[in-house]
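The working numbering numbers the first residue of the sequence shown as 770 and each following residue consecutively.
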Amino acid sequence: MAQLELGNAPPDNGHALAFQPRPLDEWTVRTALHSRRWRAVAAASVGNALEWYDFVIYGYFATTIAKLFFPSKNDMESLLIALGTFGITFFIRPLGAIVLGAFADRHGRKAAFMLAIGLMMLGTAIIAVIPTYAVIGSFAPIAIVLARLIQGISAGGGFGSATAFLAEQDSQRRGFFASWQFASQGLTTVIAAASGVILTSVLTSEQIDHWGWRIPFIFGLLIGPVAYYLGRHVDETAEFQSLRDRTTPLLQSLAGTKLRLLVSLGAVVFCTVVTYTTLFMPSFAIHQLGLPQAGSFSATVLTGALQIILVPVFGAMSDRRGRLPIMFAAGATALVVSYPLFAWLAAVPTLPTLLTVQAIMGVLGAAYMGPLAALMAESFPTRMRTTGLAISYSFCVAIFGGFAPFINAWLIEATGSNVAPSFYLMFAATISLAALTVQHRFSS
């Protein structure tokens, strides 16, 4: 009876040994495979979104955290210290990329992703419950830094394992499936910014400073049930399971991929700067443009919503039209329009202007991100794909992304101009376009 297949039963005539099970028809097999892939994508996307939510929510409440954990003589100095702490965690991300990336290439993408989620939960829990500087003194900022370092290790390895897991669902539709990596980060933006909108609309500034800021971090602990679901109901990718040799030393596996790592790193620069400039925009809108908190967070919600909707569309388009043409067009357009958009925003600092600027940058960012994850995944062989993805991404965000809010704030302070964030966007677009040019020659 162990040989019976779904939908077939032996005839009740005493001749069970003569029964021959029918093979499942092709439609049933395809339906089951399709359902399994979508369960995997849904679980990985939600898990990835909550993991990145836990990581970036710190940036949205940097002003409050600065006052509570990094008190100083003036607000700008406290804010710069808090944003600097946000950036410091990015230096630990390459370590997480190397350790968790190598773990994933030996023991599986799913196992590494679950480990990354567990580390993220630990860091978030510390931030959610630690008393402030007024209560425990210098132990408070030390605990915050420790928590952010743990989160940095998690984020360093989480990107590679989640991206490889998604990209290996279907090699014929790699662009579409891999794009959910960045689409789920859009979900992160929506959840995090929505938290800001709700809290600033319902609570007073005093309530937020006293206890309300902890609510988003407590909410982030919901990532735990997602990790449990991943462990119980999602299979490892067939592409990883087909590997025969998973014991190649890390340095040996990376030896022949230095150019690939550099090109992949360069391709991520524009994506990274756009993402963390978006993270910086609420503080920019409030402090530099004088716009209300709720409206500033609403503009970021719009950017995240566009990312959720459009990134998979551009990812699917790249499966038919190619990765590079779409990314070239998005990067070149951003290079041309960044300065005029911020100049307009500085001249007309209103909520409709902010919404329009965020929407345009959101569309351009989505067009660039849609094919990006697949482009990176295809740059590395299966045996070291997670490591290659994690290292190139983590080093990029450590260099260009982690300090993006700090750099933008410094540029504004140094130039005295609210147009300054566009300079960093243009710089990033130039680097990524150069990397894509090398990738094109490398692929030809």
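All residues carry an ideal CB built from backbone N, CA and C; glycine is no exception.
With H, G and I counted as helix, E and B as strand and the rest as coil, what does DSSP make of residue i?
{"i": "Asn1187", "result": "coil"}
{"i": "Phe788", "result": "Here the model assigns Phe788 a pLDDT of 47, short of 50, so the residue's position is not dependable, and the following value carries that caveat. Correct three-state label for Phe788: coil."}
{"i": "Asp939", "result": "coil"}
{"i": "Pro1174", "result": "helix"}
{"i": "Phe1149", "result": "coil"}
{"i": "Leu884", "result": "helix"}
{"i": "Ile861", "result": "coil"}
{"i": "Val904", "result": "helix"}
{"i": "Leu1120", "result": "helix"}
{"i": "Val1003", "result": "coil"}
{"i": "Ile1077", "result": "helix"}
{"i": "Gly816", "result": "helix"}
{"i": "Pro1061", "result": "coil"}
{"i": "Gly929", "result": "helix"}
{"i": "Arg1013", "result": "coil"}
{"i": "Gly993", "result": "helix"}
{"i": "Leu899", "result": "A small fix is needed here, since residue 899 is Ile in this sequence, not Leu. Ile899: coil per DSSP, three-state reduction."}
{"i": "Gly1134", "result": "helix"}
{"i": "Gly944", "result": "helix"}
{"i": "Gly877", "result": "coil"}
Classify residue i as buried or exposed, calling it buried when 16 or more other Cβ atoms lie within 10 Å of its own Cβ.
{"i": "Asp939", "result": "buried"}
{"i": "Ile861", "result": "buried"}
{"i": "Asp1004", "result": "exposed"}
{"i": "Thr1184", "result": "exposed"}
{"i": "Glu975", "result": "exposed"}
{"i": "Lys879", "result": "buried"}
{"i": "Tyr997", "result": "exposed"}
{"i": "Ile1200", "result": "buried"}
{"i": "Arg1154", "result": "buried"}
{"i": "Gly892", "result": "buried"}
{"i": "Pro1061", "result": "exposed"}
{"i": "Ser1107", "result": "buried"}
{"i": "Pro1109", "result": "exposed"}
{"i": "Pro994", "result": "exposed"}
{"i": "Pro1051", "result": "buried"}
{"i": "Trp821", "result": "buried"}
For residue i, which of the options has the nearest alpha-carbon?
{"i": "His979", "options": "Met1138, Asp1004, Phe830", "result": "Phe830"}
{"i": "Ala885", "options": "Phe872, Ile895, Ile896", "result": "Phe872"}
{"i": "Phe1196", "options": "Arg1013, Gly1170, Arg1210", "result": "Gly1170"}
{"i": "Leu1157", "options": "Gly927, Ala963, Leu968, Leu1133", "result": "It is worth fixing the name first, because residue 1157 is Gly in this sequence and not Leu. The shortest C-alpha separation from Gly1157 is found at Gly927."}
{"i": "Ala1007", "options": "Arg1092, Thr1072, Gly877", "result": "Gly877"}
{"i": "Ile857", "options": "Arg917, Ser814, Gly906", "result": "Arg917"}
{"i": "Thr1206", "options": "Leu990, Val966, Ile1095", "result": "Ile1095"}
{"i": "Leu1123", "options": "Phe1172, Ala1099, Thr1072", "result": "Thr1072"}
{"i": "Val1105", "options": "Thr1125, Leu1093, Met1130, Ala1085", "result": "Met1130"}
{"i": "Ile960", "options": "Asp823, Ser1148, Ser1212, Arg1092", "result": "Asp823"}
{"i": "Phe1175", "options": "Phe859, Val810, Ser923, Trp821", "result": "Phe859"}
{"i": "Leu864", "options": "Gly925, Ala813, Thr833", "result": "Gly925"}
{"i": "Phe1039", "options": "Phe1097, Ala1068, Phe988", "result": "Phe1097"}
{"i": "Thr833", "options": "Ile922, Glu1147, Leu968", "result": "Leu968"}
{"i": "Met890", "options": "Ser923, Val868, Gly906", "result": "Ser923"}
{"i": "Gly989", "options": "Ala912, Ala881, Phe1172, Ile895", "result": "Ile895"}
I need the boundaries of the alpha helix (DSSP H) containing residue i, first residue and last residue.
{"i": "Arg1092", "result": "1092-1116"}
{"i": "Leu837", "result": "831-838"}
{"i": "Ala1167", "result": "No alpha helix (DSSP H) holds Ala1167; DSSP gives it neither H nor E."}
{"i": "His1056", "result": "1027-1056"}
{"i": "Ile984", "result": "983-988"}
{"i": "Trp980", "result": "Element bounds for Trp980: n/a, residue is neither H nor E."}
{"i": "Thr969", "result": "949-971"}
{"i": "Glu1008", "result": "1007-1010"}
Can you find the residues in the same chain that come closer than 8 Å, C-beta to C-beta, to residue i, ignoring five residues on each side of it along the sequence?
{"i": "Asn1177", "result": "Thr1046, Phe1049, Phe1053, Ala1189, Pro1190, Tyr1193"}
{"i": "Leu972", "result": "Gly981"}
{"i": "Leu1012", "result": "Thr1151, Arg1152"}
{"i": "Ala1112", "result": "Val1188, Ser1191"}
Excluding the 5 residues preceding and the 5 following residue i in the sequence, name in chain order all residues of the same chain whose CB lies nearer than 6 Å to its CB.
{"i": "Ala952", "result": "Ile1077, Val1080, Pro1081"}
{"i": "Leu1034", "result": "Ser1161, Phe1164, Cys1165"}
{"i": "Ala1099", "result": "Leu1133, Ala1136, Tyr1137"}
{"i": "Ala771", "result": "Low local confidence applies: a pLDDT of 41 at Ala771 is under 50, so the model's placement there is unreliable, and no value is given."}
{"i": "Pro985", "result": "Ile826, Ser964"}
{"i": "Phe1211", "result": "none"}
{"i": "Pro840", "result": "Tyr902"}
Enumerate in chain order the residues of its own chain whose CB-to-CB distance from residue i is below 7 Å, with the five nearest sequence positions on each side excluded.
{"i": "Ala963", "result": "Val1070"}
{"i": "Gly1059", "result": "Pro1118"}
{"i": "Thr901", "result": "Leu837, Phe838, Ala909"}
{"i": "Ala1203", "result": "Gly1035"}
{"i": "Gln950", "result": "Asn817, Ala931, Thr932, Leu935, Ala1142"}
{"i": "Val966", "result": "Ala1063, Phe1066, Ser1067, Val1070"}
{"i": "Thr1102", "result": "Leu1133"}
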